[in-house]
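So the structure is just underneath, and the comments pick up after that.
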Amino acid sequence: MSRIDISRRRFVQLAGTAAAAPLASHGAEPLSANAIAVRLRAELGGDWITDGNDGFKAGDPDTPIRGIATTAMATVDVLRKAAGAGANLIVTLEPTFFGRSDGPPPPAPPGGRRGFPGLSEDDPVYRAKKKLIEDRGLVVFRLHDNWLAQRRAEMTTGLAESLGWGERRSDDALYEIPATSAEEAVAHVRAKLGLRGGLRAVGDRKAAVRRVLLYPGFLDAQTMWKRYRDADLTLAGEVREWENTCYAADAFTAGEKRALVTIGRVASQDPGMRRCAEWLATVLPETPVRSIPAGDLYWRAV
Amino acid sequence: MTGREVVAAIRKNLGAPWREDSYRDTFKGGNPDANVRGIATTVMVTYGMLKRASEAGLNMVIAHEVTYWNDRDETKGLLEDPLYQEKRDYIEKNGMIVWRMHDHMHVMRPDYTVVGSLRSIGVAGGENAGVRPGVLTIPEMTLGEFASQVKRLTGARAVRFVGDPGMKVRKVLLGPGYGTPRMTEEADVVIGGEQQEADGGFDDASTQPTPRRTG
Chain A
590 MSRIDISRRR FVQLAGTAAA APLASHGAEP LSANAIAVRL RAELGGDWIT DGNDGFKAGD
650 PDTPIRGIAT TAMATVDVLR KAAGAGANLI VTLEPTFFGR SDGPPPPAPP GGRRGFPGLS
710 EDDPVYRAKK KLIEDRGLVV FRLHDNWLAQ RRAEMTTGLA ESLGWGERRS DDALYEIPAT
770 SAEEAVAHVR AKLGLRGGLR AVGDRKAAVR RVLLYPGFLD AQTMWKRYRD ADLTLAGEVR
830 EWENTCYAAD AFTAGEKRAL VTIGRVASQD PGMRRCAEWL ATVLPETPVR SIPAGDLYWR
890 AV
Chain B
67 MTGREVVAAI RKNLGAPWRE DSYRDTFKGG NPDANVRGIA TTVMVTYGML KRASEAGLNM
127 VIAHEVTYWN DRDETKGLLE DPLYQEKRDY IEKNGMIVWR MHDHMHVMRP DYTVVGSLRS
187 IGVAGGENAG VRPGVLTIPE MTLGEFASQV KRLTGARAVR FVGDPGMKVR KVLLGPGYGT
247 PRMTEEADVV IGGEQQEADG GFDDASTQPT PRRTG
């Protein structure tokens, strides 16, 4: 037997050295959230969009970062899971505070603002979420415009991978899958993505399906008009009902053997943010990176 | 009566000022001066709805929402679209007239889209409600029970919920269509037609002006 016998005392010394080694060998403290943002921006490439949605949304950017979690949506559930897993920087594709302004909007212009009033400073959900972030020492960074500008394809690739169709791409959105029916494809999507109540389908449930268009996120009407006939099934995150949903319903009435399936914006973007975590791990080797899916937020009545 | 005369009668009886500048409430298809044999109202002029109206002998459709899948019923990008052509031709060939009544529904008191929605989910009150009916009280039940009630009464297959199915609900805040209200402390449950999941429709590159780029 050639096993080297190590005394208990010696083992403790070795273990102690090993634990300290990563920090000692890099000779540096963990990167701050700010430093990570700078690295991310440099590695992503292209012109950084500064006047859009991206940037720090909560927490102190000077916080030393022990771990990063990417997600489609920084829900309270995701924030808790991230904190529990030792990740204190959350990189989120969608807003943390329920809208484009990602918090209470700036004061209304003279004459007021159209539509429903924005989020109030006193909103209890806003306050509780903000407090959770502060109490757990988390930092939230939104990465939307720049990620999509440079890496939009990753969102489609991630979704296709999760559906087991990764090798079957034929253009930016079109995939050729093993022959099935719309109904069976829906069951496949539901099972693969672990969906609960968010999925909706419109059109011909018996349609033969081989060609599938994937549009994670929001599918606008113009794109759908242009491409709906390139596929047997179009799978998107979310749409507007009076636009795409009714177009698919009308196509069905006209006898077209196709279907539109929406799975929820967030559920459709989680797989792409898993790809984002994989990419971040390559540009931030000193920081642990993981993805935490926000998942399907909906349930159905019984 | 012609289609135009039907709209004039609506205008006369609306009980609110007419909005000449509404791009929504206009004729969307057919000849407004053709005679009306019968009227069908609907929330959405789907192709299936048009066929059912025509087969029932009703040649005028008054719809709250759109015919050609966009708010302005803009057809410029659709002229070569086979589905657009088929729907447009169906309206013409069958002597139908389509008029949209959206903005003028929402200035009426009550707003029938709101009262109709409330009644359809079994919520009493709000008889004279405007487009924002405020919080209404229902007999206490769990959210799961309320969900079952909504599903059963509306027959809606697509209804989805977020929140704790076991929580007790009494205060309901409704906004039909795209007008899902913000959640407030005054309401236990907020119910709407649809909304963007991230409230982020305007975040999407396709629906907002391209942001300026800086180095």
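Same order as they appear, the protein sequences are chains A and B.
All residue numbers for the first sequence refer to the numbering used here, where the first residue is 590 and numbers rise by one.
All residue numbers for the second sequence refer to the numbering used here, where the first residue is 67 and numbers rise by one.
Ideal placement from N, C-alpha and C gives every residue a C-beta, glycine not left out.
Query: Taking 8 angstroms as the cut-off, does the segment 768–778 of chain A touch the segment 733–740 of chain A (at least 3 CB pairs, one atom from each stretch)?; Result: no
Query: Identify which residue in Gly200(B), Asp139(B), Ile163(B) and Met167(B) has its Cα closest to the Cα of valine 181(B).; Result: Gly200(B)
Query: Taking Cβ-Cβ distances shorter than 7 angstroms, what residues in chain A pair up with valine 132(B)?; Result: Trp831
Query: Spell out whether any CB of chain B is found under 8 angstroms from the CB atom of leucine 694(A).; Result: This sequence places proline at residue 694(A); leucine is not what is there. By this cut-off, proline 694(A) is not an interface position.
Query: Which of the three DSSP states, helix, strand or coil, is assigned to asparagine 101(B)?; Result: strand
Query: Note down, in chain order, each residue of its chain lying with its Cβ closer than 8 angstroms to the Cβ of valine 872(A), except the 5 sequence neighbours on either side.; Result: Arg628, Leu629 and Glu632
Query: Could you tell me whether any Cβ in chain B is nearer than 8 angstroms to the Cβ of arginine 863(A)?; Result: no
Query: Between alanine 671(A) and the rest of its own chain, which residues show a CB-CB distance below 6 angstroms, the 5 nearest in sequence each way excluded?; Result: Ala658, Ile679 and Ile881
Query: What first and last residue would you give for the beta strand (DSSP E) that runs through threonine 851(A)?; Result: 848–851
Query: Indicate the three-state DSSP secondary structure (helix, strand or coil) for arginine 829(A) in the structure shown.; Result: coil
Query: When you compare the CB of arginine 898(A) with every CB in chain B, is at least one pair closer than 8 angstroms?; Result: With chain A covering 590 to 891 only, the question about residue 898(A) has no answer from this structure.
Query: Beta-carbon of tryptophan 84(B) versus every beta-carbon of chain A: anything under 8 angstroms?; Result: no
Query: Nearest-angstrom Cα distance between phenylalanine 268(B) and isoleucine 163(B)?; Result: Residue placement at phenylalanine 268(B) cannot be trusted, given a pLDDT of 38 that sits under 50; the coordinates are not used to answer.
Query: Determine the chain B residues that contact leucine 886(A) at a beta-carbon separation under 7 angstroms, and present them in chain order.; Result: Val228
Query: Given a threshold of 16 other Cβ atoms within 10 Å of its Cβ, counted over all protein chains shown, does glutamine 151(B) qualify as buried or as exposed?; Result: exposed
Query: What's the call for tyrosine 134(B), buried or exposed, on a 16-neighbour Cβ count within 10 Å?; Result: buried
Query: Alpha carbon to alpha carbon, how far is arginine 175(B) from proline 860(A)?; Result: 47 angstroms
Query: Output the distance between the C-alpha atoms of aspartate 87(B) and histidine 170(B), rounded to the nearest integer angstrom.; Result: 11 angstroms
Query: Can we say the segment 812–823 of chain A touches the segment 739–757 of chain A, given the rule of at least three CB pairs closer than 8 angstroms?; Result: no
Query: Examine chain B for any beta-carbon lying closer than 8 angstroms to the beta-carbon of tryptophan 736(A), and answer yes or no.; Result: no
Query: Use the C-beta contact count for glutamate 146(B): other C-beta atoms within 10 angstroms, 16 or more gives buried, fewer gives exposed.; Result: exposed
Query: Can you tell me which of the three DSSP states proline 247(B) falls into?; Result: coil
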